[in-house]
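J.:
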Amino acid sequence: MSLDLHLFSSEYIDYSAKETKWFIRDFRRKYKTEPVRNKYAFKGYDVTYYFLSALYRYGNDFDRCLKYHDVNTIETHMSFEENEYENYENYYMQGLRYYKFKLQTIKKE
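Following the working numbering, the numbering of the sequence shown begins with 5 at its first residue and continues without gaps.
#1: Excluding the five sequence neighbours on either side, which residues of its own chain have a C-beta within less than 8 Å of the C-beta of residue 13, listed in chain order?
#2: Could you check which residue in 75, 77, 91, 95 has the C-alpha nearest to that of residue 83?
#3: Straight-line CA distance for residue 92 to residue 104?
#4: Measure the Cβ-Cβ separation of residue 49 and residue 27 and say whether it is below 9 Å.
#5: Considering only the beta carbon of each residue, do residue 79 and residue 47 sit closer than 9 Å?
Below is the structure:
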């Protein structure tokens, strides 16, 4: 019997991605520990990279451009939309599939 489970998450780490390998290598060198032991290592990097790159690209009014800002992050992916209260929420969801004991991403078509 083989498990075939589909689920959605806003967080997923692709350990085969070159950016992830680069981050882990540099994190180990600098902090002498694994980033997974520090549960905020990936998230802190992603959030900082996302918002600082938006500030650099769009300037002080970057918040008005968040829905257009698309960058490759490591764990916490973001897709902001304005809600009914004129605030922004992250609506990103990644489709994931457990199949033959492996976690795979579901590609958008």
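Even for Gly, the Cβ is constructed at its ideal location relative to N, Cα and C. Note that the structure is a prediction, hence the values are computed from the model and not measured.
T.: Reading it off the structure:
#1: Non-local C-beta neighbours of residue 13 in its own chain, meaning closer than 8 Å and more than five positions away in sequence, comprise 97, 98, 100, ordered along the chain.
#2: The residue with the shortest Cα to Cα distance from residue 83 is 95.
#3: Put simply, the backbone Cα of residue 92 is about 38 Å away from that of residue 104.
#4: In this structure, residue 49 places its C-beta atom within 9 Å of the C-beta atom of residue 27.
#5: In contact: residue 79 and residue 47 (Cβ atoms closer than 9 Å).
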